[in-house]
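Chains A and B supply the protein sequences, listed in that same order. Per full-length UniProt numbering, the first sequence starts with residue 1, numbered consecutively. Per full-length UniProt numbering, the second sequence starts with residue 1, numbered consecutively. Using N, Cα and C, we set each Cβ at its ideal position, and we do this for glycine too. All values reported here derive from a predicted model rather than from experimental measurement.
Number of protein chains: 2
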Amino acid sequence: MTHSEENYLRAIYHLGRDGDGYVSTNAIADRLATKPSSVTDMVKKLAEKGLLDYVRYQGVSLTESGENVALTLIRKHRLWEVFLVEKLHFSWDEVHEVAEQLEHIKSEKLIDKLDALLQYPKYDPHGDPIPDKDGKFERREKKLLSEMNVGEAGICVGVKDSSATFLKFLDRHQIALGNNIKIMEREEYDGSLTLLIEGREISISHQIASNLYLNS
Amino acid sequence: MTHSEENYLRAIYHLGRDGDGYVSTNAIADRLATKPSSVTDMVKKLAEKGLLDYVRYQGVSLTESGENVALTLIRKHRLWEVFLVEKLHFSWDEVHEVAEQLEHIKSEKLIDKLDALLQYPKYDPHGDPIPDKDGKFERREKKLLSEMNVGEAGICVGVKDSSATFLKFLDRHQIALGNNIKIMEREEYDGSLTLLIEGREISISHQIASNLYLNS
DNA sequence: ACATATTTTTAGTTTTGTCTAAAAATTAAT
DNA sequence: ATTAATTTTTAGACAAAACTAAAAATATGT
Ligand SMILES: [Mn+2]
Ligand SMILES: [Mn+2]
Ligand SMILES: [Mn+2]
Ligand SMILES: [Mn+2]
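This is how it looks when you write it as structure tokens:
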């Protein structure tokens with residue numbers, strides 16, 4: 001399994017999550033910043049290896065073994081992100097890039113030991129669940145802040161957009177996972193919200209609210 | 001800098017250490033388990049990039065910038081080996097293989113933080129020195145056990161052969177870095193030695209003795 | 001339904017790193 | 001000093017992963 005093959009499988013897994021299962025060539029190309037023609041080539045190879053089902057002009061969907069590879073990669077990625085934050089004191093906006101490299105290291109023992117060192121974390125620094133050795137993970141109940149009503153409250157458990165820009169914005173405004181958030185007001189004109197976060201009152205745009213998850 | 005380029009530079013650095021500086025095509029090919037023709041190609045490319053000097057039919061030697069790349073790679077390799085042993089409780093015979101992968105991760109911050117987490121170690125699990133950020137490292141005085149005289153003693157500070165087979169042999173015979181070793185007898189017939197290691201008396205072959213370093 | 005637009009695939013290159021087989025240079029032996 | 005052996009380089013090929021440009025299939029709009 002090459003780095004590139006692994007990256008394709010991970011991309012397809014993520015794209016399949018919020019679609020009907022079949023993923024298009026163009027969607028994969030966009031996600032991986034490559035050309036559709038390159039995707040066609042790679043997808044043929046992965047189908048050949050039994051990692052995905054491919055129907056010409058239609059799209060691909062992971063087989064069970066393809067999904068296993070993807071989940072293992074995601075497990076490694078997220079464990080490394082936890083390591084970088086917890087043990088090396090990286091900030092949550094810096095870890096993704098490095099984890100993209102570390103996730104490809106091949107050593108089952110390494111991951112098991114890392115998991116133990118970190119005391120078997122269930123979530124990564126962005127609130128995303130970490131699959132266990134069998135690819136199983138908690139599918140935590142959560143909803144977008146933008147879809148909640150005035151008066152409701154909850155704990156911030158994840159971000160939808162985990163780009164460095166957005167994460168740094170949250171840092172600047174002292175919004176972090178684990179914070180208690182209550183919706184005080186909704187401005188009908190632009191959908192912006194006034195929140196009470198850990199005692200502080202703060203106003204955020206609809207854009208921000210639609211990228212924050214609270215538990216439910 | 002690709003993984004492959006880095007591996008060539010590291011190999012050339014190590015081969016240059018115990019030679020006169022110029023390293024032959026065949027020696028590199030042996031070390032990297034490739035063919036001489038492949039080495040010629042790669043060596044031309046590295047010369048092009050100013051990382052080594054190459055004279056046809058003669059050999060190569062690293063330039064200063066090539067040596068810097070090699071030393072950075074060695075620094076990363078050895079720091080990861082310390083991490084694997086100290087933090088993840090790998091045994092010293094298991095770390096090399098994984099470190100060969102980890103050494104290629106590109107992130108200066110990662111290495112600095114790792115260095116700090118490990119409290120700036122000066123030696124790796126096999127007793128080899130770890131270069132600092134500027135490529136400087138302590139060149140510790142040491143000598144092969146096989147070249148010492150009866151009656152002399154010292155502390156075991158390194159191994160010459162760091163193959164898993166040899167390291168496991170040392171484990172089985174409870175010989176470890178830091179042990180106090182005194183030479184009690186030398187058998188003239190085969191050069192084997194009787195040692196006093198941390199109170200225990202043990203006999204080892206010449207082969208073993210010529211792969212153990214004591215301080216001096 | 002038919003023309004147009006979009007998506008996807010094919011065909012043909014490129015780059016990187018490897019290989020084999022053969023030629024050239026260097027080194028060793030008689 | 002030739003000849004023979006070894007080392008090193010060249011020439012040509014291949015697999016992986018990407019690209020561009022053009023063709024084919026599918027989807028859309030009137
Ligand atoms: Mn990530
Ligand atoms: Mn994450
Ligand atoms: Mn090593
Ligand atoms: Mn080592």
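Checklist entry - Taking only runs of the beta strand (DSSP E) that begin and end inside the segment 13–88 of chain B, which ones reach a length of at least 3 residues, in chain order? => result 52–55, 59–62
Checklist entry - When the Cα atoms are used, what is the spatial distance from G35/B to A11/B? => result Residue mapping note: residue 35/B aligns to position 35 of the second sequence, counting from 1. Residue mapping note: residue 11/B aligns to position 11 of the second sequence, counting from 1. Note on residue identity: the sequence assigns Lys, not Gly, to residue 35/B. Going from the Cα of K35/B to the Cα of A11/B covers about 14 angstroms.
Item to check | Alpha-carbon to alpha-carbon, K143/B and L51/B | outcome: Along the second sequence, read from residue 1 onward, the residue named residue 51/B stands at position 51. Along the second sequence, read from residue 1 onward, the residue named residue 143/B stands at position 143. The alpha-carbon atoms of L51/B and K143/B are separated by roughly 32 angstroms.
Checklist entry - When every heavy atom of ligand 5 is checked, does at least one fall within less than 6 angstroms of the C-beta of A29/B? => result Among the ligands present in this structure, namely ligand 1, ligand 2, ligand 3 and ligand 4, ligand 5 is not found.
Checklist entry - How many Å lie between T72/A and D190/A at the Cα? => result The count along the first sequence starts at 1 and reaches residue 72/A at position 72. The count along the first sequence starts at 1 and reaches residue 190/A at position 190. Cα to Cα, T72/A sits roughly 41 angstroms from D190/A.
Item to check | Residue from V82/B, T25/B, E67/B whose Cα sits closest to the Cα of Y54/B | outcome: Stepping through the second sequence from its first residue, residue 54/B is reached at position 54. Of the listed residues, the one whose Cα sits closest to Y54/B is T25/B.
Next on the checklist: When you compare the CB of Q119/A with every CB in chain B, is at least one pair closer than 7 angstroms?
Outcome noted: The sequence position of residue 119/A within the first sequence is 119, counting from 1. Answer no: the Cβ-Cβ gap between Q119/A and chain B never drops below 7 angstroms.
Next on the checklist: For ligand 4, is there any heavy atom lying closer than 6 angstroms to the beta carbon of H89/B?
Outcome noted: The sequence position of residue 89/B within the second sequence is 89, counting from 1. No - ligand 4 has no heavy atom lying nearer than 6 angstroms to the Cβ of H89/B.
Item to check | the segment 98–117 of chain A / the segment 168–182 of chain A touching (three or more Cβ pairs under 8 angstroms) | outcome: no
Item to check | Selection of the segment 68–92 of chain A by Cβ proximity to chain B, strictly under 8 angstroms | outcome: L84, K87, L88, H89, F90
Item to check | Three-state class that DSSP yields for A153/B in the structure shown | outcome: To locate residue 153/B, count along the second sequence from 1; it is residue 153. When secondary structure is reduced to three states using DSSP, A153/B falls in the strand class.
Checklist entry - From the beta carbon of I105/B, is the nearest beta carbon of chain A less than 7 angstroms away? => result In the second sequence, the residue the question calls residue 105/B occupies position 105. By this cut-off, I105/B is an interface position.
Checklist entry - Taking the C-alpha atoms as reference points, what is the distance between N211/A and L145/A? => result Position 211 of the first sequence, counted from the first residue, corresponds to residue 211/A. Position 145 of the first sequence, counted from the first residue, corresponds to residue 145/A. About 8 angstroms.
Item to check | chain B contact residues for L167/A, given Cβ-Cβ distances below 8 angstroms | outcome: Position 167 of the first sequence, counted from the start, is the residue given in the question as residue 167/A. None at all; the shortest Cβ gap to chain B is about 16 angstroms.
Next on the checklist: Looking at ligand 1, does it come within less than 6 angstroms of H96/A, judged from the CB to the closest heavy atom?
Outcome noted: Your numbering for residue 96/A matches position 96 in the first sequence. Correct: H96/A has its Cβ closer than 6 angstroms to ligand 1.
Checklist entry - Is the shortest distance between the beta-carbon of K98/B and the beta-carbons of chain A less than 7 angstroms? => result The residue you call residue 98/B lines up with position 98 of the second sequence. It should be pointed out that residue 98/B corresponds to Val in this sequence rather than to Lys. It does: the Cβ of V98/B has a partner Cβ on chain A nearer than 7 angstroms.
Checklist entry - When the Cα atoms are used, what is the spatial distance from K136/A to N180/B? => result Within the first sequence, the letter at position 136 stands for residue 136/A. Within the second sequence, the letter at position 180 stands for residue 180/B. Cα to Cα, K136/A sits roughly 50 angstroms from N180/B.
Checklist entry - So is K113/A in contact with chain B if we call contact Cβ pairs under 7 angstroms? => result Position 113 of the first sequence holds residue 113/A. Answer yes: the Cβ-Cβ gap between K113/A and chain B drops below 7 angstroms somewhere.
Item to check | Minimum Cβ-Cβ distance from Q174/A to chain B less than 7 angstroms | outcome: As a working note, residue 174/A is residue 174 in the first sequence. No, its Cβ sits nowhere closer than 7 angstroms to a Cβ of chain B.
Checklist entry - Which residue's Cα is closest to the Cα of H77/A: Y22/A, V60/A, D20/A, N7/A? => result The sequence position of residue 77/A within the first sequence is 77, counting from 1. It is N7/A whose Cα lies nearest to the Cα of H77/A.
Checklist entry - Between which two residues does the beta strand (DSSP E) harbouring I202/A extend? => result As a working note, residue 202/A is residue 202 in the first sequence. 200–204 is the span of the beta strand (DSSP E), which, as asked, contains I202/A.
Checklist entry - Can you tell me where the alpha helix (DSSP H) with L177/B in it begins and where it stops? => result For this step, residue 177/B is matched to residue 177 along the second sequence. No alpha helix (DSSP H) holds L177/B; DSSP gives it neither H nor E.
Item to check | Reduced DSSP category for K160/B - H, G, I as helix; E, B as strand; rest coil | outcome: Here the question's residue 160/B lines up with position 160 in the second sequence. Coil.
Checklist entry - Any idea if Y13/B is buried or exposed, counting beta-carbon neighbours within 10 angstroms, 16 or more meaning buried? => result Taking the first residue of the second sequence as position 1, residue 13/B is located at position 13. Y13/B comes out buried.
Next on the checklist: Going by C-alpha to C-alpha distance, which of D30/B, T2/B, Y57/B sits closest to Y22/B?
Outcome noted: Along the second sequence, read from residue 1 onward, the residue named residue 22/B stands at position 22. It is Y57/B.
Next on the checklist: Below 8 angstroms on the Cβ atoms is my contact criterion, and I expect K106/B with Q101/A to pass it. Report the Cβ-Cβ distance as a whole number of Å.
Outcome noted: Sequence index remark: in the second sequence, residue 106/B carries index 106 (1-based). Sequence index remark: in the first sequence, residue 101/A carries index 101 (1-based). Sure, about 7 angstroms apart at Cβ, within 8 angstroms.
Checklist entry - Looking only at C-alpha atoms, which of S203/B, N215/B, I183/B sits nearest to G151/B? => result The residue given as residue 151/B occupies position 151 in the second sequence. The residue with the shortest Cα to Cα distance from G151/B is I183/B.
Checklist entry - Where do the N-terminal and C-terminal ends of the beta strand (DSSP E) with L102/A fall, by residue? => result As a working note, residue 102/A is residue 102 in the first sequence. Premise fails: L102/A lies in the alpha helix (DSSP H), 95–102, not in any beta strand (DSSP E).
Next on the checklist: Please classify S37/B as buried or exposed, where buried requires at least 16 other C-beta atoms within 10 Å of its C-beta.
Outcome noted: In the second sequence, the residue the question calls residue 37/B occupies position 37. Under this definition S37/B is an exposed residue.
Next on the checklist: Here's the rule: buried if 16 or more other CB atoms are within 10 angstroms of the residue's CB, otherwise exposed. What is H3/B?
Outcome noted: For the purposes of this step, residue 3/B is identified with residue 3 of the second sequence, where counting begins at 1. Classification of H3/B: exposed, given that the 10 Å Cβ count is below 16.
Checklist entry - When we look at the beta-carbon of M148/B and count the other beta-carbons within 10 Å, is it buried (16 or more) or exposed? => result Working through the second sequence from its first residue, we reach residue 148/B at position 148. By the 10 Å Cβ count, M148/B comes out buried.
Next on the checklist: Let me check understanding here. Comparing Cα to Cα, which of L9/B, V95/B, G59/B lies closest to D20/B?
Outcome noted: Residue numbering aside, residue 20/B sits at position 20 when the second sequence is read from its first letter. Ranking L9/B, V95/B, G59/B by Cα distance to D20/B puts G59/B first.
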